[in-house]
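Input: a single structure, listed below in structure tokens.
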Amino acid sequence: RGAVNLEAMIAVKKRSDLNHVETNDKSAPFIEKDVTVGTFKGKELMAEVAKGKSLNHVETDDKSAPAVESDVKIKPNPRVALLNDVCKKQAPTGEGKTESATGLDVNGDGKVGGAAA
């Protein structure tokens, strides 16, 4: 291992003759000829912002609320009942109750959590 490192060190110290290469560097930003640069007037801008501006009142017609008719009823999600059935098949925890891993009402008593309080 020491010999390999020694050979590498000798190769690094040895000077290599490199050929000159010309490049076409296009990394500079392209700025059009008619562009001028001004100065940033931060204090004046902040003073104008701090001064404030009076706004006019605007009437709007907000249509973002859902258009649901008053007689529409939402049915319970059947997936909850399916998950309750799956959880009931787990091992009983005693007193006829089943422990729920999902925290759903597996006992049918209307309480979330499944375990007796």
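Heads up, my numbering is the position in the sequence shown plus 2, with the first residue counted as 1.
Glycine included, each C-beta is placed from N, C-alpha and C at the ideal position.
{"Check": "What are the complete alpha helix (DSSP H) segments, minimum 4 residues, inside the stretch 19-87?", "Outcome": "44-53"}
{"Check": "In three-state DSSP terms, what is K1?", "Outcome": "Nothing about residue 1 can be reported from this structure: the residues present for the chain run from 3 to 119 only."}
{"Check": "Taking only the alpha-carbon atoms, compute the straight-line gap between V14 and T25 and give it to the nearest angstrom.", "Outcome": "26 Å"}
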